[in-house]
Structure formats: structure tokens, C-alpha cells
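Straight run, no breaks: the sequence shown in our numbering ends on number 1150.
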Amino acid sequence: MATFSLQTEHYSHSHRMQSHTITNTIHNFFPTNPLHFQPQLFKNPRTNTSTNMSSSSTFHKLKVSSNNNSISDRFLTVNEYVVKGGEDVGDELVVLLTHLEYAFKKIAALVASPVNSSLGKSSGDGEGVGAGRDKPKPLDIVSNEIILSCLKNSGKVAVMASEEDDAPVWITDNAPFVVVTDPLDGSRNIDASIPTGTIFGIYNRLVELDTLPVEEKALLNSLQSGSKLVAAGYVLYSSATIMCVSFGSGAHAFTLDHTTGDFVLTHPNIKIPARGQIYSVNDARYFDWPEGLRRYIDTVRQGKGKYPKKYSARYICSLVADFHRTLMYGGVAMNPRDHLRLVYEANPLSFLAEQAGGKGSDGKNRILSIQPVKLHQRLPLFLGSPDDIEELESYGDVQQTVNPGYDISEDYEGLSDDKGFSDDISDRFLTVNEYVGKGGEDVGDELVVLLTHLEYAFKKIAALVASPVNSSLGKSSGDGEGVGVGRDKPKPLDIVSNEIILSCLKNSGKVAVMASEEDDAPVWITDNAPFVVVTDPLDGSRNIDASIPTGTIFGIYNRLVELDTLPVEEKALLNSLQSGSKLVAAGYVLYSSATIMCVSFGSGAHAFTLDHTTGDFVLTHQNIKIPPRGQIYSVNDARYFDWPEGLRRYIDTVRQGKGKYPKKYSARYICSLVADFHRTLMYGGVAMNPRDHLRLVYEANPLSFLAEQAGGKGSDGKNRILSIQPVKLHQRLPLFLGSPDDIEELESYGDVQQTVNPGYDV
């Protein structure tokens, strides 16, 4: 089976004549004006019949009822759903999808493995200026090889074109399909366990090109218009592994069931809302945007657009994750620069957007109507709800042309290549118990026993979050900024997670009191046990439907024996209201593409990654040191007009690179406290919520303890968090966590605590 690879964009003088011929062939074969051509035909690979892609008939709903009482109609595999749904895609495409699924499961396992700490070296914020593509990274390369191997083994693919390769790879003659792919989108942030993804598109092979030379027909097959896609999809590697795919008649999401190894249907016939209330963009680039885009963002931030409520901001900087959230909740995900790839990213995702009733645009034109002329062609990309895209386009000038060459490579200096390990293999991938012994941290057997029970709880929660059934347990109900009775409105996954932790603490025999964000009052478990545990069982659960990273936060105190003679309710409460400076241990667990537990016993912060092959949390990041200064800030930028003057000045200053650090900062905001803090801990910078919204007992104290143990700071904008004495169990306050130099600079602006709180509702 012969393979052929040709460099098409970086060629020597000797190749120019040949490449000129290929370019001429592109213009001869495809329409001269790529934006004005007749509607394309979708060819059914089984029946060999064609359907006009502009016809509404291709967007009909499949007759699959999510309310069917038959268990056989729930959690169908991809193959089962194609049969039951009546999508006559043909056996050859089914075979190809089976091989692709295997590739995706291998990549998911790779991303989740503890060894990704040595495979995923970060090198920027995805906005650097390079030779036309992201600088390849080890995990990108391995993922690319996995997909290529699976496509070869399928026998169904003639050509594969990848974001990782300079030219298409000709695999075999006479195979029916062409596959284009971004093997691992978002891999630059893999060290922080930010969600990553695979994007793919499938075309029919153009048989009319078969007589051309191999390199020429490989390229032309790969440069088909997005309107000719037979199928397209993405896989999101996050707290759950989700494959969203369309065969040309609707968009459907399948979640990986780790108990069977199958992708099973959890979201049939996804319909993006006509309008959302979330926009996703790097707000730090505001001063580089054109006037039209600035006006649009300012308008929706203030609720003065066609939709009369304030929009909220989210930006993960992972295209698949940002698009998946947009597909589920509505709104618009965008990159206004000519940064994203038409062939590998824009076309497949725009195809999915349209199949779900949304739109894909470059700010002026429909993406699927743009004829590719280069393999790695870049363009601005706006994806989302139809009403949002149309409103944005009405502002005219939304494509960013200013490109100063963003560079935040300094953000990643906090990650050492060797993670502090010796050459002795026995010192690597230690379990928590082993590390406590080898590290000389004399925490005592009782705390070790308690941690063992907590680890079991965290593994059960991780499995629950990753399960296909989370689609019925995690109904979304807001953006995490609503006004309630003093705590987040409980959600099913919160409650189940709370029960899991309480059960494990009871079984440990080591905990006298548990105080949880989910409970109105502390739970007295048993007399004479040595410890008190405070916890937010499942932070970020409001976004579970979109597989946004979630987390558990916990803190451990010694029981105050001097309170033993008080009534149970009183001593339970007072034990729970200890100052954060008295913490014995604290930590969090991040449920994302990998499951990571970060913990401190009072002498450094250490991260352990769940190894699914053994079921143990193993040491992957020893003695984490947050950089003295980062180059990323994390906040809901959509609230800019509600911020105090001091905070606005600070953000405007660092956006423009005019602060104490002379480079422009970048923005990230997942709206998952654990995920935003974990990224900040690894890369530096500042994560903040300037409103009195976060809980001192369950969130601010444990995370500030970890920040200080890593050399960082936790502040309410004026005071050290660990020096604040709690007076109420569910006491709230503003929270600023991060690099010491960043926190000190922010505090110097004085007025950074937001007092305006109109009651955000999305």
C-alpha cells in the first residue's frame, strides 16, 4: 500500500514549476470566483443518488424519540443509531467510522494518561506567528500517527490531509473517501488538562481526478469545498469524551461509555438555540479589534443589542470545547483573526453548525461557500446561533487585521522539563501514599487513611461525570452568576457527588465533621475522629451538559478538641469555621481530559494524575512553583461595564502590555473555578471573580492555601484570604488567585472589588 507526501506550501525553487501547474489546475477545476457558484450536490455513497445541499430536505429531523421508553432505543452506538435513524450512509462509511472511533479512543486514553506530562510541552497561547501552522507538539504528532494508521487499516480512505502534515498523504487507489483532520486541537494547553479535541471531515474521492499525478490528485481531493462534505465531526476530550457527528441530516452527539468501550448516543438531533447569551473570544485583544467588532462586543455586554439581556463571556482557547459549548447553549464562538484553517477546522465545524441550525461565517461570507485554494489556508471564523451570527455580521467590520504577533511563551516557564524527578524510575509516578513516605512528609497514618478514602470518592465522581448518563443528571440552569438564596441551586450531579464524599468520609472513621457547599449546616459524623473536612463536591456542574471541566475542592482541619463539650450543632459549626491558616491539608480534583488531584500537606503543592490502567493517582507534577508573573488573566470580561474603575484600568493596562510586564496579556475564562485556577497554577497569571460570589470556607480558603504553597497568593482584592476569619458557613467574597507579582500589581489599583450586581441571567 503506497503512501505519498508532498510539501505544498514550503517548496524549493526546483518545485515551483510543478506547484504552479497544481495551482493552475485548482483554478481550472474549481470555480474562478469561489464565493459564487451553484449549490453543491451531496452524493449518497450507497445509492449513488444526489441531493441539492441547499434544499431543506437535507436538514430533516430523524425520527428518533429521546423519550422512548424502550431501553433498546437509549444509548445506541453509532452503528446502531445509523440503522435505527434511517440514515442510509452506506456500509463503507460505517466501516470507516468504526476505524475512526478506535483512533479517537486511543487518543482519549493518551490524553488522560499520566505520561502526557512529558508529551504535552506547551509553547504558546495558540496565537503566535509561525510558518503557517501551529508548531507541532509531541501529542499532535502521536495523534496524527494514530489516525493515519487507523485510516490505512480501514481500506476506505484514498487521501488523508492533516494539519500536522505539509501535504496530503496518498494512502491507496480506489478507496472511496478523503479525510481531512486536525488530529489534536488545543494541545498547547495539555499540561494544564484543558479540554482538547479532534476535528475531521469526510469527502467522496473525486474519481474524475484519477488520471492526474499522485501529488496533484491528492491535493485537489483535499481542497474540496465544505459544501461537498459527506460527513464531519469532532471529538471533545474533557470530563467526558464526546463525539459529535453529522452525516448530512442533523447533528448528533455520542459519549464514550468506558464500561463497554463504545460511543453511545446521548444527544440526538442537536438544535442550536436561535440566539444564545454567551460570546467566546479572547477579550484581551480588544484594542486590536476593528471598530465594528468592538461595537458589537460592547453592545452585547451591556444588553443593548437585539437581545435585551447582558451576554456573558467564556473563552477556553480550545476550538472544539468552545464550539461544543456554543452548539449546546447557543451564542457565538469566534476568532476574528485569519488564524483558523479552512480545510481542517472551519469547514467541518461549519458543516456541523449548519446541520444543527446554526451558521459558520468568516464575518462576511458563508464558510461552506468558500473554495479552498491552499491546503493550510487560514481565515477568521465565527460559529454559532443564526441570529447571533447575523447580528454580528451587521456590524460590518469584524475581521481583525491588526496582528502584532502575540507571544505568551513566558507563561509556561513554570513547567520544568523533568518535573523535579530523579533518574530512578522508582521515583516517578509514585502514588499519593508512596510519595508521602518517600517525600518525608510526616503527615501521620490517620491522614493517609483519610486521603485513601477521599481518593476513592474522587474516582467515583470522575466516573460519574464521564458517564453517558450525565446528560440526564446535569441539566444546565445558568452561567454560574445567578442570584439565589446564598448557594448555587443544587443540581443532581452536585447532590450525588456530595453523597459519595459523605459516604466515604463516614467509612474512613477519621472525620468528625463534614461541611459542604451543598448542605445548609455541617454534618456531625462521629465523636473523637481527628479531622474536619470542608468541600465543594462538584464545582462547575452547571455546565456539565457541555462537558466543560468540573472539579472537587476540599480542605482538611484538625478537630478542635476544646469544643467537645459544646452542643453538637454548635461544635460542628465552629469546627467548620476555622481560619484557612489552620488548614492541615487542602486540594482539588480537576475532572477534564485527564483527572488530576492537586494537594498540599503544608510543605509544597503536588499534582497526581489518575492512571486508569491501575486506578491510582500517580505523581506527575512535584513541588509545583507558580511563576512570579504570568501573562494570562481569567475573568468574565463581559462584566467590564459593571466593574469598578480600578479593575477596568488594570485590565485595560495589561491587555495593552502597558503594566509592569511589557507584553500584552491574554485572556482565558472557562467559568469553572478549579479549571481556571489549575491553569493559573501551572502557567501563572491571575484568576479572579471580583464579585462577592465565591465561598470563603469551601473555595477561597483551600485554593488560597494551595496558591501560597506553590509560591502564589490568594486575596479578596485587599486582604490575604487565609487571614480572614469566617463568620458564616456560606460566607461569600471576591477572590483573586495567582502569581505574586500579578496579585500585588492588581491590588495596587485599589478599587478592584465589584459592588454592582444586577443579577446576571443567561
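C-beta: ideal position from N, C-alpha, C; glycine also.
Quick caveat: nothing in here was measured; it's all calculated off a predicted structure.
- Under the three-state reduction of DSSP output, GLY975 falls in the strand class.
- A Cβ-Cβ contact shorter than 8 Å links ASN1089 with GLY968.
- Residue environment for PHE770: buried (at least 16 other C-beta atoms within 10 angstroms of its C-beta).
- One thing to note: PHE942 has its Cβ no nearer than 8 Å to the Cβ of VAL920.
- Taking the Cα of ASP573 as reference, the smallest distance to any Cα among LEU737, MET716, ASN562 is reached at LEU737.
- ILE777 and LYS747 have their C-alpha atoms spaced approximately 7 Å apart.
- Taken in chain order, the complete beta strand (DSSP E) segments of 3 residues or longer contained in the segment 604-691 are 619-625, 629-634, 639-645, 650-655, 666-668.
- SER1136 and TYR684 have their C-alpha atoms roughly 31 Å apart.
- Judged by DSSP secondary structure, ARG1079 falls within the beta strand (DSSP E) whose first and last residues are 1074-1083.
- In the DSSP annotation of this structure, the continuous segment of the alpha helix (DSSP H) that includes PHE711 starts and ends at 707-717.
- The beta carbon of GLN1044 sits closer than 7 Å to the beta carbons of PHE675, LYS1052 from its chain, once the five residues preceding and following it are set aside; these are given in chain order.
- Comparing alpha-carbon positions, the option among THR584, HIS655, SER668, ALA620 lying closest to SER773 turns out to be SER668.
- Straight across, the Cα-Cα distance linking VAL503 with THR997 is about 9 Å.
- The C-alpha of ALA496 is placed about 12 Å away from the C-alpha of THR983.
- As computed with DSSP, MET902 is found in a beta bridge with VAL911, VAL921.
- Contact check for SER550 against ASN562 fails: the beta carbons are separated by 8 Å or more.
- Following the DSSP letters along the chain, one finds ASN886 inside the alpha helix (DSSP H) bounded by residues 880-896.
- Secondary structure within the segment 724-748: the alpha helix (DSSP H) runs of 4 or more consecutive residues, fully enclosed, are 735-743 (chain order).
- Excluding five sequence positions before and after TYR976, the CB atoms of its chain that fall closer than 6 Å to its own CB belong to GLY939, ILE941, CYS986, VAL1062, given in chain order.
- As summarised for the segment 1101-1150, the continuous beta strand (DSSP E) elements at least 3 residues long and confined to that stretch are 1101-1103, 1120-1126, given in chain order.
- With respect to ASP570, ILE587 sits close: the two C-beta atoms are nearer than 8 Å.
- In this structure, the straight-line span from the alpha carbon of VAL566 to that of VAL595 is close to 11 Å.
- Boundaries around SER964 are those of the alpha helix (DSSP H), 956-964, since no beta strand (DSSP E) includes it.
- Taking the Cα of SER501 as reference, the smallest distance to any Cα among THR1001, VAL1140, GLY589 is reached at THR1001.
- Taking all protein chains in view, the Cβ of LYS692 is surrounded by fewer than 16 other Cβ atoms within 10 Å, so the residue is classified as exposed.
- Between ALA639 and GLN743 the beta-carbon gap is near 4 Å, inside 8 Å, which marks them as a contact.
- When secondary structure is reduced to three states using DSSP, ALA491 falls in the helix class.
- Taking a cut-off of 8 Å for Cβ pairs, the segment 1082-1101 and the segment 1006-1022 touch, as three or more such pairs fall below it.
- According to the DSSP assignment, ARG766 belongs to the beta strand (DSSP E) that extends over 766-772.
- Here the C-alpha atom of TYR591 lies approximately 7 Å from the C-alpha atom of LYS616.
- Contact between the segment 710-718 and the segment 654-671 is present: 3 or more CB-CB pairs across the two stretches fall below 8 Å.
- For HIS1066, the enclosing alpha helix (DSSP H) has its first and last residue at 1061-1071.
- In terms of CA proximity to ALA672, THR1041 leads the group PRO1122, SER1060, THR1041, ALA960.
- Residue state for VAL595 is assigned as helix, using DSSP reduced to three classes.
- Here LEU481 is not near GLY614, since their CB atoms are 8 Å or more apart.
- When only Cα atoms are considered, TYR1021 and ILE1058 end up about 12 Å apart.
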